[in-house]
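In the working numbering, the protein residues as written are 1 to 185. Beta carbons are placed, not taken as given, at the ideal position from N, Cα and C, and that holds for glycine. Here the structure comes first, spelled out in structure tokens, and everything after it is commentary.
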Amino acid sequence: MKHPKAKLVISGLLLALVGVMLAGSMRKVNKAILILGGSPKREVYGAKYAVAHPDMPIWVSGGSPKEYSDEIFAKAGIKSDRYTLDYRAVDTVTNFTTLVDEFKARQITDVYVITDTFHMPRAQIIGSVVLGSRGIKMHPVPIPPQMAYYPEHKYREKEITSKSVRDGARSVLWLFTGVTLNDRR
């Protein structure tokens, strides 16, 4: 052996790398469902999704009035202790910023976000920034087109792009300042 210390150092580094990889693959995954308000159909689909994923707690951010949401979940057979109705959000950015620290405190690692297909690109931008800032993975769950609510907007494509850019920037601003720049809040 020409360089026994070098071999020992390399062996130690490789062993440490294997340990880190094993620890990462064994991390506990705590999943949750986040339904973004804006259409009762999102809650209806979210309830169906939740029935298929019975171990995941549910949050509805900025959704329908409590009585209506309770009825949707009751019809799906979901007990009220499994879901949280949160009405602090006033827009898509605050759907995420008002809940991210609660998710982190509950050690949630993966959030399955339910919204309309047209709304998902913007939600993904915001969710990736806000949830990602706390080490939480976002998984998009778009509502199937036959269930979605699509109001007639002639400017939909422009609206989606401009709102995505604006809200992406607001998310980054929130990351550094804690401010969302929403004057309704």
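Remark: C-beta atoms of Ile33 and His53 approach each other more closely than 8 Å. Contact between Tyr87 and Gly62 holds: CB atoms are separated by about 6 Å, below the 8 Å threshold. According to the DSSP assignment, Met120 belongs to the alpha helix (DSSP H) that extends over 120-132. For Val93, the three-state secondary structure derived from DSSP is helix.
Contact between the region 34-54 and the region 106-116 is present: three or more C-beta pairs spanning the two stretches fall below 8 Å.
The Cβ neighbour count for Val51, taken over all protein chains shown within 10 Å, is under 16; the residue is labelled exposed. Per DSSP, Ala74 is one residue of the alpha helix (DSSP H) stretching across 66-75.
DSSP places Lys79 outside any alpha helix (DSSP H), giving it a letter other than H or E.
Counting the other Cβ atoms within 10 Å of the Cβ of Ala74 gives fewer than 16, which makes it exposed. Here Ser61 is bridged, per DSSP, to Leu36, Asp86. Between Ile58 and Phe103, the gap from beta carbon to beta carbon reaches 8 Å or more. With respect to the 8 Å criterion, Ser128 and Met120 are not classified as neighbours on the basis of their beta carbons.
Taking C-beta separations shorter than 6 Å and ignoring five residues to either side along the sequence, the partners of Gln107 in its chain run Asn30, following chain order. A direct Cα-Cα distance of roughly 12 Å separates Lys48 from Met147.
Boundaries of the alpha helix (DSSP H) around Lys104: 100-105.
The Cβ-Cβ distance between Thr98 and Trp174 does not fall below 8 Å.
If you look at Met147, you'll find it isn't in any beta strand (DSSP E); DSSP assigns it neither H nor E. For the set Lys163, Gly132, Val172, the Cα lying nearest the Cα of Asp91 is the one of Lys163.
For the 8 Å CB-CB criterion, Arg170 and Val93 form a contact.
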